[in-house]
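In this note's numbering, the protein residues as written are 6 to 124. Note that CB positions come from ideal geometry on N, CA and C, so glycine has one too. See below for the structure under consideration.
Structural data, given as structure tokens:
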């Protein structure tokens, strides 16, 4: 079976983003996502407002939700001006994606940059 995400790049460890340079993702790293061919799989590329809402909507349904984003956090951009004016600390507007979905085993997050997708 062809892996459509084999061209995704990123560091898929639980280490901070700056600890390793971006490397080509091995199909072995992504293969656990594709073990069950009988489950409905939703792949969300870029977890902005729409991607986050879609993942939350389907996180408790019988689907496998795969999140791919170049960052391992979601940033609430409407409040960035308050960070710039020191009204809020930076951690008040960014939230780790793994923490948002830590109680939903059917949601899988991979920090990656998708360069192209096959049909």
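Indicate the three-state DSSP secondary structure (helix, strand or coil) for residue 44 in the structure shown. coil
How is the beta strand (DSSP E) around residue 115 delimited, first residue to last? 112 to 116
Candidates 53, 78, 72, 51, of which the one nearest residue 111 by Cα: 72
Quick one: give me the first and last residue of the beta strand (DSSP E) that residue 132 is part of. This structure leaves residue 132 out entirely; the chain is present only between 6 and 124.
Suppose you measure from the CA of residue 65 to the CA of residue 105; what does that come to, to the nearest Å? 13 Å
Give me whichever residues DSSP pairs with residue 78 in a beta bridge. 101
Quick one: what does DSSP say residue 52 is sitting in, helix, strand or coil? coil
Buried or exposed: where does residue 54 fall if 16 or more other Cβ atoms within 10 Å of its Cβ makes it buried? exposed
In its own chain, which residues sit with a C-beta less than 6 Å from the C-beta of residue 51, not counting the 5 before and 5 after it? 74
Taking the alpha helix (DSSP H) that residue 84 belongs to, which residues open and close that run? Careful: residue 84 lies outside any alpha helix (DSSP H) and carries neither H nor E.
Suppose contacts are defined by Cβ-Cβ distances below 9 Å. Is residue 68 in contact with residue 47 by that definition? yes
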